[in-house]
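Here is the structure we will look at.
Residue numbers (this note's numbering), protein chains in the order written: chain F, -5 to 343; chain Z, 106 to 394.
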């Protein structure tokens, strides 16, 4: 009992700290990093519901991310519909898309399910490229002008700084983590896990497999589409490869796998590792640090090579991370930490 | 009619190369039950290898297959021994992710070395054609690559059907445990199978290098194509992959002519989903496991 209270206090303290951050930090870069972190947690956590809890490893989540992002952006760009209204259209469309995908893919199991989920996402990506009148094709949609957000005539925010995005992101993270928590502690979550552990056994116990798989998919897809819409509005630009590409699906999955699938805090942990690391590589911080310590001189061949190329290498790092995680900690960082804690306990006894 | 014949013939010719890619993937899946998501990236490595041999040593891409094949075989064997072997009994998604990770490492390492610029390998015959008659012409590099593909496929069938090692590989694919009990070294068979799969993908890369752009991200397209081909033919079936490759080649070239080249890949994926839904065991597959 004490433990749960302690946990709740800790979570509230972290949340309070996060709420207060924009009051004390006005560096746009720091806020930008936090927003990227929020986005990553949302993406990983949404995948977690379907992949981690229900055990359906979709490699096509870019479909939901992209449909959300595209719908919101298209409505804003062509019809001048504000994103907080457009996002509902995105959700409605994603539910329809998810149910269609579910009706196709859930007839298949294991590797066949994975392949079908990729195929559907690819069909959507290619359609976005080819339906030029609707989506502006490969050029993508650029829409950076956000209308001010008003409640009863009073302007709440005009999105001039990163602060409103920060709070929207934080709200969405609390929402996604909250939904996952509720799923984990409800009958629904137990059904999901039963399906994950043994589909046939779950079926014989009277759990409707296709119903609960579809519920997991719709929940996961709606949250992913929210992340996609948020991405679209924040960045102000969407095009087929960045929101519908296979890379997006893999990245969504990665956050969860590296952190630990089927755990509430896995995607958070995964994001805390992945986002700073890829940002450090992208902005050449690592090379600068190496130069500062004196390990590499900036004029040497290695120094020049690192400076020119390391910023392109963040995907390479993803690859290496995946291989290392799969080979040495197949249950992700959460699993690894739990194992260490267990070993410690045993040693203490 | 000439247009129809033209697209049919070029479809079959490119289908031969697709078959090679598909056979590689299906061999790996058959023996290890691992879906190799790095298959296209292995093909990409084969393309760059051919490019290096061509620019540094001046060896014709079709001749350099003799070097590419054994090198890619060793590369595949290495991947199997060091990485894939450790996850043979792991969860399916972990195997998939491992191969995705390996693919990312390959494509990004190549990008670091060669940058992401498109490279073109121009031979004296790259754009030459042969008139067949009836207004139908055939691209010379495609025709040569089809002939080489057919020879390799024939040799592979002979290897799998007639040699002891080939039979051992097929036995391992049929029932890993039983094969092991019969004294077959399944670990070695796995290494050979992955090596062969990689060698076939690499060879396919070498064969298409005179007609395709060479760039680090080229693999993704071929990975997806390889899946479509193997599922179409039936996972694990070599005959199926051969037929599947040709079928996909013809479908692509037909839809490029009669629908539009932008939608041809969509048509291929829709066909793929239909096969998954209505005949998941594929054209030649017997069981789904």
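All C-beta atoms in this analysis are idealised placements derived from N, C-alpha and C, irrespective of residue type, glycine included.
List the residues that DSSP assigns as beta-bridge partners of residue 243 (chain Z). Z:235
Once you ignore the five residues that flank residue 80 (chain F) on each side, which residues in its own chain have a CB closer than 7 Å to its CB? 65, 66, 69 and 70
Specify the secondary structure class of residue 69 (chain F) as computed by DSSP and reduced to three states. helix
Is there a C-beta anywhere in chain Z that falls below 8 Å from the one on residue 277 (chain F)? no
Buried or exposed by the 16-neighbour rule on C-beta atoms within 10 Å, applied to residue 315 (chain Z): buried
Could you check whether the Cβ of residue 133 (chain F) sits closer than 8 Å to any Cβ belonging to chain Z? no
Check whether the region 368 to 380 of chain Z and the region 112 to 120 of chain F are in contact - that is, three or more C-beta pairs closer than 8 Å. yes
Since residue 177 (chain Z) is in the alpha helix (DSSP H), which residue starts that stretch and which ends it? 170 to 187
Per DSSP, the bridge partner or partners of residue 319 (chain Z): Z:224
Within a Cβ cutoff of 8 Å, which residues of the same chain sit near residue 114 (chain Z), ignoring the five residues on either side of it in sequence? 237, 241 and 243
At which residue ranges does the region 131 to 215 of chain F contain complete beta strand (DSSP E) runs of 3 or more residues, listed in the order of the chain? 143 to 145 and 148 to 151
Using the three-state DSSP reduction, which class does residue 343 (chain F) fall into: helix, strand or coil? coil
Is DSSP giving residue 232 (chain F) helix, strand or coil here? strand
Cutoff 7 Å; reference residue 123 (chain Z); Cβ partners in own chain excluding five residues on either side: 330, 334, 350, 353 and 354
By Cβ distance below 6 Å, which residues in the same chain neighbour residue 143 (chain F) in space, the five residues on each side in sequence not counted? 150 and 151
Which chain F residues are close to residue 192 (chain Z), counting only those with a beta carbon under 7 Å from its beta carbon? 320
What number of angstroms, rounded off, separates the C-alpha of residue 285 (chain Z) from the C-alpha of residue 202 (chain Z)? 27 Å
Give a yes or no on whether 8 Å exceeds the smallest Cβ distance from residue 375 (chain Z) to chain F. yes
Let me confirm a value: residue 41 (chain F) is counted as buried when at least 16 other C-beta atoms fall within 10 Å, else exposed. Which label applies? buried
List, from N- to C-terminal side, the alpha helix (DSSP H) runs of 4 residues or more that fit wholly inside the region 233 to 321 of chain F. 234 to 238, 240 to 253, 260 to 276, 279 to 287 and 295 to 303
Taking Cβ positions only, does residue 214 (chain Z) come closer than 8 Å to chain F? yes
Own chain partners of residue 250 (chain F) with C-beta closer than 7 Å, once the 5 adjacent residues on each side are dropped: 38, 41, 42, 45, 46, 260, 261 and 264
Using a beta-carbon distance cut-off of less than 7 Å, what residues from the region 134 to 149 of chain Z approach chain F? 140
Helix, strand or coil at residue 50 (chain F) according to DSSP, with G and I counted as helix: coil
Should residue 195 (chain Z) be flagged as near chain F, meaning a C-beta pair shorter than 8 Å? yes
Roughly how many whole angstroms lie between the Cα atoms of residue 392 (chain Z) and residue 386 (chain Z)? Confidence at residue 392 (chain Z) is low in this model, with a pLDDT of 48, below 50, so its placement is unreliable and the value that follows should be read with caution. Using only the alpha carbons, I get a separation of about 6 Å.
When you compare the CB of residue 180 (chain Z) with every CB in chain F, is at least one pair closer than 8 Å? no
Contact list for residue 117 (chain F) against chain Z, beta-carbon separation under 9 Å: 370, 371, 374, 375 and 378
Using a Cβ cut-off of 8 Å (strictly closer), state whether residue 51 (chain F) contacts chain Z. yes
What is the rounded straight-line gap between the Cα of residue 168 (chain Z) and the Cα of residue 236 (chain F)? 39 Å
Helix, strand or coil at residue 384 (chain Z) [DSSP, three-state]: coil
Give me the chain Z residues within the contact set of residue 310 (chain F), using Cβ-Cβ distance strictly less than 9 Å, ordered along the chain. 209, 210, 212, 213, 214, 216 and 217
Contacts that residue 105 (chain F) makes with chain Z (C-beta to C-beta distance below 7 Å): 140 and 197
How about residue 323 (chain Z) and residue 149 (chain Z): do their beta carbons lie closer than 8 Å? yes
With 16 other CB atoms within 10 Å as the buried threshold, where does residue 290 (chain Z) fall? exposed
If we cut at 8 Å on Cβ distances, does residue 240 (chain Z) have a partner in chain F? no
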